[in-house]
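Top line first, the protein sequences correspond to chains A and B. Just so we're aligned, residue 34 is where the first sequence starts under the numbering used here, counting upward by one. Just so we're aligned, residue 4 is where the second sequence starts under the numbering used here, counting upward by one. Quick reminder that beta carbons are idealized off the backbone N, C-alpha and C, glycines included. Inspection log for the structure reproduced underneath, given as structure tokens.
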Amino acid sequence: MNYWKEFTKGIWEKNPILILGIGMCPTLAVTTSVSNALWMALATTFVLISSNILVSMIKGFVPFHIRIPIFITIIASFVTIVELTLHAFQPDVYKALGIFIPLIVVNCMILGRAEEFASKNCIVLSILDGLGMGIGFCLTLVVLSFFRETLGANKLFGLTLIPGMNPATAMILPPGAFITLGLMLWALNVFNSRRSR
Amino acid sequence: MEIKVLFTILISTIFINNYVLSQMLGLCPFLGVSKKLDSALGMGLAVIFVMTLASFITFLLYKYILVPYEITFLRTISFILVIASLVQLVEMVIEKVTPGLYLSLGIFLPLITTNCAVLGVAVLNVNSGFVTAEYGLIKSVVQGFGAGIGFTLALLLMAGIRERLELAKIPRNLQGLPITFITAGLLALAFLGFAGMKI
């Protein structure tokens, strides 16, 4: 059951955004539409799982004092792969995500998992951990972008929802991101305190 | 080149395109180090310093090494490594030269490596075409400096508000991160007012 636990912990009880509060920049910046959020989550999850695999493979012979630069180099290489691939095959996505693709490197979630988990555990567990964290990240991004896109642009996946209605544009601008995430965290707190009562 | 151009870059990076509140870069330190005013100031000064220096170094690296040898696809890897080693170097120099400053800034320097605003400003300098532009080096450095000032401004505003919030009666479920995010949202709303500014 250990495997199952490592997989599910990222989705709910150790959700990287809602519980641990890391990886905020891409979360808030790219959630203007659900499709952007999905692409971002996909790219981040790919980098996370690949770096987890590689870090877990080389954990035996990485000198302790220079482990952080090594991890960052590994992560940056995978980010470059993602960047070039998206540029070649999905130019629209590449343009929409813009600067936040190279910035996957400094997403604290990926370095955090490499340091905290993958450098201490075997490959299978590291893959499951990366997958779980990626799914948790993805779900949060999708929920956040769902509220922002429907309220802020009156659209879902680019299709207009209610014709003739004026959207609340502030929701797809930066303030909407902060406030929506704040309210999501509040709702989570309310849910948890109700349940524990 | 006129001084006006530099002034425009400075104003737009501080207010109109504020890195934290309009472009959403560097949110981790913005949320993490904004509990107290004096630590926010320390973090802000360290970020201004590193951003200015990083803009300078990454510009030279891109223009004189990556472009001539046609290895621009190594941009992300080389920039992050240069920034990480730069931060380490700055930390060692400050520790040796001015121990007093090290005591107040030292703990913030390692955090800056994973501050996405620093890598962000380096990548944005390249993306905004400064590499081929006239006087690109000065423009990059001014943009880095302005971005640092803008970050510090947002951090200080947030820290001031959060110090007052400590005394306020906040519903239990809103305490901590939720109220911080909502405050940041209101600040960002205020900064949207600069978006209409024409210079």
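- Contact between T116 (chain B) and I86 (chain B) is confirmed by a C-beta separation of about 7 Å, below the 8 Å threshold.
- Closest by C-alpha distance to F40 (chain A), out of A:D162, A:V80, A:G197, is A:D162.
- The three-state secondary structure of L30 (chain B), taken from DSSP, is helix.
- DSSP lists A:K188 as the bridge partner or partners of T193 (chain A).
- Against T79 (chain B), the close residues of chain A are A109, V112, T113, E116, P135, V138, in the order they occur along the chain (beta-carbon pairs closer than 8 Å).
- Among the residues of chain B, those whose CB is under 8 Å from the CB of A203 (chain A) are L192, L195, following chain order.
- Comparing alpha-carbon positions, the option among B:G35, B:P32, B:I60, B:L28 lying closest to V129 (chain B) turns out to be B:I60.
- Per DSSP, Y22 (chain B) lies in no alpha helix (DSSP H) and is assigned neither H nor E.
- In the three-state reduction of the DSSP assignment, T117 (chain B) falls in the coil class, being assigned neither a helical nor a strand state.
- Under a criterion of Cβ atoms nearer than 8 Å, the residues of chain B adjacent to P208 (chain A) are, in order, G188, L189, A191, L192, L195.
- For G54 (chain A), the C-beta contacts it makes with chain B under 8 Å involve L34, L180, in order along the chain.
- Assignment of F133 (chain B) by DSSP, reduced to helix, strand and coil, places it in the coil class.
- R78 (chain B) places its beta carbon less than 8 Å from that of Y65 (chain B).
- Only buried fits Q146 (chain B), as 16 or more other CB atoms lie within 10 angstroms of its CB.
- Within 10 angstroms of the beta-carbon of Y138 (chain B) lie fewer than 16 other beta-carbons, which makes it exposed.
- Under a criterion of Cβ atoms nearer than 8 Å, the residues of chain B adjacent to V223 (chain A) are, in order, N176.
- Taking C-beta atoms as the reference points, G163 (chain B) and N21 (chain B) fail to come closer than 8 Å.
- Closer than 8 Å to the CB of A186 (chain A) there is not a single CB belonging to chain B.
- In the DSSP assignment, P207 (chain A) falls within the unbroken alpha helix (DSSP H) covering 207 to 229.
- Neighbours of V126 (chain B) in chain A, taken as residues whose beta carbon is under 9 Å from its own, are I132, P135, L136 in chain order.
- Not a single CB atom of chain B sits nearer than 8 Å to the CB of M166 (chain A).
- Rounded to the nearest whole angstrom, the CA to CA distance from M198 (chain A) to K128 (chain A) is 28 Å.
- Cβ proximity to chain A below 8 Å picks out L24, S25, Q26, M27, L28, G29, L30, C31, L34 from the segment 13 to 40 of chain B.
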